[in-house]
Amino acid sequence: MADYIEGKRPVIEALRTHVPIKRVLIADNLTRDGLVEDILRKAKKVDVPVKTVRRRDLDDKSERGSHQGVMAETKPFEYCNVQTILDAADAHAADHGGAALVILLDHITDAGNLGAIARSAEVVGASGIVIPNKRSAHVTAATYKSSAGAISHINVSQVANIAQVMERLKKEGYWVAGASEHAKEVVWDSNLKGKIALVMGNEGEGLARLTQETCDFLTKLPQAGNVGSLNVAQAATACMYEWMRQNRA
84 MADYIEGKRP
94 VIEALRTHVP
104 IKRVLIADNL
114 TRDGLVEDIL
124 RKAKKVDVPV
134 KTVRRRDLDD
144 KSERGSHQGV
154 MAETKPFEYC
164 NVQTILDAAD
174 AHAADHGGAA
184 LVILLDHITD
194 AGNLGAIARS
204 AEVVGASGIV
214 IPNKRSAHVT
224 AATYKSSAGA
234 ISHINVSQVA
244 NIAQVMERLK
254 KEGYWVAGAS
264 EHAKEVVWDS
274 NLKGKIALVM
284 GNEGEGLARL
294 TQETCDFLTK
304 LPQAGNVGSL
314 NVAQAATACM
324 YEWMRQNRA
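Numbering-wise, my numbering comes out as the position in the sequence shown, counting from 1, plus 83.
Structure (structure tokens):
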């Protein structure tokens, strides 16, 4: 099923940030204002075709009813297999003293959080992200936006069973660290040197029971204030930077 971006400004932003777009659809009765002209210019610049359709066709495709006569149909994201991530990690480890990082997301549901995590993962040099193929956020236009385009530069794999991938990573020499508020040890005291698989849990429930049991150890962020916790994207970023700090040259 195709994903659509609705509205003039969202389509402009998608074209500006290089979201992979199959085509732009414009209603046949749309008034050509400055925003529409900008869409046409940007689409031409990146070689995205523009098709004029009946407004009723846009109404049928619209989920929010806010298309303003303009929608963009995005291309499917190209997921990789887990082996591609492992190969990238081996290459990273060879150049960085044996250190590699793989991120596993245990059924996070917000595509924006996925994008924010991808942005941080790409910045710290993680080799890839593993997500479930069901009951989980997948890569959408919102992911491209929140990742500032970084999602295009990091490997993402969809799998049927996160726990099985965790076991595979263990056999490949990774220590599997689960981020959990129930951990006894804070991330500053956890050993994150070498090959690490960092597992982040769902926004509301955290790590599932089976996921926690499959981890080698649990870790948490230190806390001085009164707020319960950071959101999953902020927490993942903090943990990733601690991995980067511990493995710095």
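We put the beta carbon where it would ideally sit given N, CA and C, even for glycine. All values derive from a computational prediction rather than experimental measurement.
*Could you pull the start and end residues of the beta strand (DSSP E) that Ser240 belongs to?*
239-242
_Alpha-carbon to alpha-carbon, Glu156 and Ala199_ = 22 Å
_Do Ile122 and Val102 have their beta-carbon atoms positioned less than 8 Å apart in this structure?_
no
_Length of the line joining the Cα atoms of Pro93 and Glu255_ = 42 Å
*Check whether the Cβ atoms of Glu264 and Lys303 sit closer than 8 Å, and answer yes or no.*
yes
*What do you get for Asn164, buried or exposed, if any count of 16 or more other CB atoms within 10 angstroms of its CB means buried?*
exposed
*asked:* Would the segment 230-248 count as touching the segment 199-213 if we require 3 or more Cβ pairs under 8 Å?
replied: yes
*Sorted by chain position, which residues of the same chain lie with C-beta nearer than 6 Å to Thr223's C-beta, five sequence neighbours on each side aside?*
Asp86, Ala194
*Beta carbon of Gln317, beta carbon of Lys276: below 8 Å?*
no
*So Lys228 and Thr100 are in contact, right, with Cβ under 8 Å, and what is the actual spacing, rounded?*
6 Å
*Mapping DSSP to helix, strand and coil, what is Asn196?*
helix
*Could you please give the first and the last residue of the uninterrupted beta strand (DSSP E) stretch that includes Thr302?*
300-302
_Residues of its chain near Glu89, where Cβ-Cβ distance is below 7 Å and the 5 sequence neighbours each way are ignored_ = Ser145, Arg147, Ser149, His150, Met154
*Three-state secondary structure assigned by DSSP to Tyr87*: strand
*Would you call the CB atoms of Val131 and Val107 closer than 8 Å?*
yes
*Three or more C-beta pairs below 8 Å linking the segment 270-290 and the segment 178-190*: yes
*Mind checking whether the beta-carbon of Asp116 lies closer than 7 Å to any heavy atom of the ligand MN?*
This structure does not include the ligand MN; it has no bound ligands of any sort.
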